[in-house]
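Asker: Please read through the structure below; I'll follow up with questions.
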Amino acid sequence: MDNEKLKAKDFITIGIFTAIWFVVEFACGMLGYIHPYIVAAYVILLPLAGAVPMMLFYTKVEKFGMLTIMSVLIAIIMFVTGMGYLGAPLIILAGLVADLIAKNGGYKSFATTVLSYSVFCLWICANYFPVIVTAESYRHSLIDGGFSTEYADSLFSVINPKTIAVLFVLCFVFGIIGAFIGKAVVKKHFEKAGIV
Amino acid sequence: MKLKLDPRTKLFMIFVVSAVVMMSATTPFLLAVRIIMTIVPVVLLIIEKHFASAIRFLALYVIALVLTFRLISEESTGFLMAVLVGYCGIVVQFIPALITAWYVIRTTKIGDFVSAMEKMHVPDGIIISLAVVMRFFPTIKEEYMSISDAMKMRGIEMGGGNVAKMVEYRMIPLLFSCVNIGDELSAAAITRGLGGKVRRTSADILKMGLVDYLLVFIFSVAMIIFMVFKYVI
Numbered sequence: 001m002d003n004e005k006l007k008a009k010d011f012i013t014i015g016i017f018t019a020i021w022f023v024v025e026f027a028c029g030m031l032g033y034i035h036p037y038i039v040a041a042y043v044i045l046l047p048l049a050g051a052v053p054m055m056l057f058y059t060k061v062e063k064f065g066m067l068t069i070m071s072v073l074i075a076i077i078m079f080v081t082g083m084g085y086l087g088a089p090l091i092i093l094a095g096l097v098a099d100l101i102a103k104n105g106g107y108k109s110f111a112t113t114v115l116s117y118s119v120f121c122l123w124i125c126a127n128y129f130p131v132i133v134t135a136e137s138y139r140h141s142l143i144d145g146g147f148s149t150e151y152a153d154s155l156f157s158v159i160n161p162k163t164i165a166v167l168f169v170l171c172f173v174f175g176i177i178g179a180f181i182g183k184a185v186v187k188k189h190f191e192k193a194g195i196v
Numbered sequence: 197m198k199l200k201l202d203p204r205t206k207l208f209m210i211f212v213v214s215a216v217v218m219m220s221a222t223t224p225f226l227l228a229v230r231i232i233m234t235i236v237p238v239v240l241l242i243i244e245k246h247f248a249s250a251i252r253f254l255a256l257y258v259i260a261l262v263l264t265f266r267l268i269s270e271e272s273t274g275f276l277m278a279v280l281v282g283y284c285g286i287v288v289q290f291i292p293a294l295i296t297a298w299y300v301i302r303t304t305k306i307g308d309f310v311s312a313m314e315k316m317h318v319p320d321g322i323i324i325s326l327a328v329v330m331r332f333f334p335t336i337k338e339e340y341m342s343i344s345d346a347m348k349m350r351g352i353e354m355g356g357g358n359v360a361k362m363v364e365y366r367m368i369p370l371l372f373s374c375v376n377i378g379d380e381l382s383a384a385a386i387t388r389g390l391g392g393k394v395r396r397t398s399a400d401i402l403k404m405g406l407v408d409y410l411l412v413f414i415f416s417v418a419m420i421i422f423m424v425f426k427y428v429i
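As given, the protein sequences belong to chains A and B, one line each in that order. If you count by this note's numbering, then the first sequence holds residues 1 to 196, one letter each, in order. If you count by this note's numbering, then the second sequence holds residues 197 to 429, one letter each, in order.
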């Protein structure tokens, strides 16, 4: 099973779920303009909201590479929508590690799926990279770009090199919680309907 | 006249605009360069007869620009003001990328897109997945519209005031239809020879025309000017 190559059907599945993920992400992202604290709360919102589609995706993953390709696509989409290329290595790394973990459980074990999903969620933190790596110039660009100083200051009070570790941990924890919720929802709706 | 750009030109445009969008325009000159770069896809949209979206984007961009420069000079405090300023800032910052992406998605046939990517030797898996993503956004929107219509008819669009229910009522049917459409899509694609061993050919032969080279030139120059003036001078 592991050595089987990916087929066209698998690529289409990846494309569909990436599109769904992105829509979920975009919807949550819109909330971030209301207040910068919500930007920090992405690490909680996204793993929870994205869990249902991802758990459904995991039921369809059977071969190595699907999660990795998904992370490459996310990196491309992030670049195109103007989020920058700084986070791209982290996104792809998260996808690759998540893939390896899931492979370890043969893509069927629930425990490895949970772990794999929470690792996969860490890509969300890649969105914060421009804020941290290029903090000073990013602050300028925000203010020049039309954000109020108030917004920029509160953004940097929650996202800085000191809090990033906390954000990573939160992201991981809520990934695990999300995975359990997602699994329950998938069981409630999709397994009963026989779609999985 | 029918203008047909090579998908590679379009991809290059997306690349340049996304790169420029990340760097903020700090001087009026840089802002002017950015505005010119935003106008190009709008003009292209008009040439391709997508008048409605061209005008919508243009209006949004102009309003956001005006508001940003009117409001940012004054002390902007207060919640509503912060939201307004934030939204306008985001629009001014990111809409160039959005317009370009919209233009590319609306005017590129998936077949052309795929054969252009194949010419650039992108791995097969990425091409197919990316093509599906591109094709799927309008589908998701359509499905979502039908779902919210259905919910309105039953009067449950607020989910009884329960946020989790609101999300659930929207997401589950959406996932159901997406999974089904995905199955149909892969059946259709495999019938047409996707994923076969033979190298596929394309009905349209892609060729870079004069306009393509001109646009690539304009966008390269714009990017170089932007970077030189921002980081060197």
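Note that beta-carbon positions come from the ideal geometry of N, C-alpha and C, so glycine has one too.
Between ALA193/A, PRO161/A, THR113/A, ALA126/A, which has its C-alpha nearest LEU93/A's C-alpha?
Answerer: Here the question's residue 93/A lines up with position 93 in the first sequence. With distances taken between Cα atoms, LEU93/A lies closest to ALA126/A.
Asker: So, does the CB of LEU100/A fall closer than 8 Å to a CB anywhere in chain B?
Answerer: Position 100 of the first sequence, counted from the first residue, corresponds to residue 100/A. Cβ-Cβ to chain B under 8 Å: no for LEU100/A.
Asker: Could you say which of THR397/B, LEU201/B, THR387/B lies nearest to VAL310/B if we only look at CA atoms?
Answerer: By 1-based counting over the second sequence, the position of residue 310/B is 114. Nearest of THR397/B, LEU201/B, THR387/B to VAL310/B, Cα basis: THR397/B.
Asker: Going straight from the alpha carbon of ALA293/B to that of GLU25/A, what length do you get?
Answerer: On the second sequence, position 97 is the one that residue 293/B refers to. On the first sequence, position 25 is the one that residue 25/A refers to. So the alpha carbons of these two residues sit roughly 17 Å apart.
Asker: Considering only C-alpha positions, which residue in the set VAL216/B, LEU199/B, ILE286/B is nearest to VAL424/B?
Answerer: Position 228 of the second sequence, counting from 1, holds the residue named residue 424/B. For the residues VAL216/B, LEU199/B, ILE286/B, the minimum Cα distance to VAL424/B belongs to VAL216/B.
Asker: Could you tell me whether the Cβ of VAL43/A comes closer than 8 Å to any Cβ of chain B?
Answerer: In the first sequence, residue 43/A corresponds to position 43, counting from 1. Chain B, which has no Cβ nearer than 8 Å to the Cβ of VAL43/A, makes this no.
Asker: For a minimum of 4 consecutive residues, which ranges assigned as the alpha helix (DSSP H) are wholly contained in the region 346–414 of chain B?
Answerer: Within the region 346–414 of chain B, the complete alpha helix (DSSP H) runs of at least 4 residues are 359–387.
Asker: Assuming the contact rule is C-beta atoms closer than 8 Å, PHE174/A and ILE44/A should be a hit. Round their C-beta distance to whole Å, please.
Answerer: Counted from its first residue, the first sequence places residue 174/A at position 174. Counted from its first residue, the first sequence places residue 44/A at position 44. Yes, they are in contact, since the Cβ atoms of PHE174/A and ILE44/A sit about 5 Å apart, within 8 Å.
Asker: Is GLY15/A close to chain B, meaning its C-beta is less than 8 Å from at least one C-beta of that chain?
Answerer: Taking the first residue of the first sequence as position 1, residue 15/A is located at position 15. Yes, because at least one Cβ of chain B sits closer than 8 Å to the Cβ of GLY15/A.
Asker: Could you tell me if ALA248/B is buried or exposed, where buried requires 16 or more neighbouring beta carbons within 10 angstroms of its beta carbon?
Answerer: By one-based count along the second sequence, residue 248/B stands at place 52. By the neighbour-count rule (16 or more Cβ atoms within 10 Å), ALA248/B is not buried but exposed.
Asker: Rounded to whole angstroms, what's the CA-CA distance from MET55/A to SER116/A? Just pull it up for me.
Answerer: Taking the first residue of the first sequence as position 1, residue 55/A is located at position 55. Taking the first residue of the first sequence as position 1, residue 116/A is located at position 116. Taking the straight line joining both Cα atoms gives about 11 Å.
Asker: Tell me whether VAL328/B is buried or exposed, calling it buried when 16 or more other Cβ atoms sit within 10 Å of its Cβ.
Answerer: Taking the second sequence and counting its residues from 1, one reaches residue 328/B at position 132. With 16 or more Cβ atoms within 10 Å of its Cβ, VAL328/B is classed as buried.
Asker: Taking the C-alpha atoms as reference points, what is the distance between GLY307/B and ALA385/B?
Answerer: Taking the first residue of the second sequence as 1, we reach residue 307/B at position 111. Taking the first residue of the second sequence as 1, we reach residue 385/B at position 189. Approximately 12 Å between the Cα atoms of the pair.
Asker: Tell me the rounded alpha-carbon separation between PHE17/A and VAL428/B.
Answerer: The sequence position of residue 17/A within the first sequence is 17, counting from 1. The sequence position of residue 428/B within the second sequence is 232, counting from 1. Each residue's Cα considered, the two are about 42 Å apart.
Asker: Starting from MET219/B, trace the alpha helix (DSSP H) both ways and give me its first and last residue.
Answerer: As a working note, residue 219/B is residue 23 in the second sequence. Per DSSP, MET219/B belongs to no alpha helix (DSSP H) and is neither H nor E.
Asker: Let me know the secondary structure DSSP gives LYS192/A once reduced to three states.
Answerer: Within the first sequence, residue 192/A is the residue found at index 192, counting from 1. Looking at LYS192/A - three-state DSSP - the assignment turns out to be helix.
Asker: Listed from N- to C-terminal order along the chain, which residues in the region 363–377 of chain B have their beta-carbon within a distance smaller than 9 Å of any beta-carbon of chain A?
Answerer: Answer set for the region 363–377 of chain B: VAL363, GLU364, MET367, ILE368, LEU370, LEU371, PHE372, CYS374, VAL375, ASN376, ILE377.
Asker: For PRO319/B and SER214/B, I'd like the C-alpha separation in whole angstroms.
Answerer: Here residue 319/B is taken as the residue at index 123 of the second sequence, counted from 1. Here residue 214/B is taken as the residue at index 18 of the second sequence, counted from 1. Roughly 22 Å between the two C-alpha positions.
Asker: Do GLY378/B and LEU6/A have their C-beta atoms closer together than 8 Å?
Answerer: Working through the second sequence from its first residue, we reach residue 378/B at position 182. Working through the first sequence from its first residue, we reach residue 6/A at position 6. Not in contact: GLY378/B and LEU6/A (Cβ atoms no closer than 8 Å).
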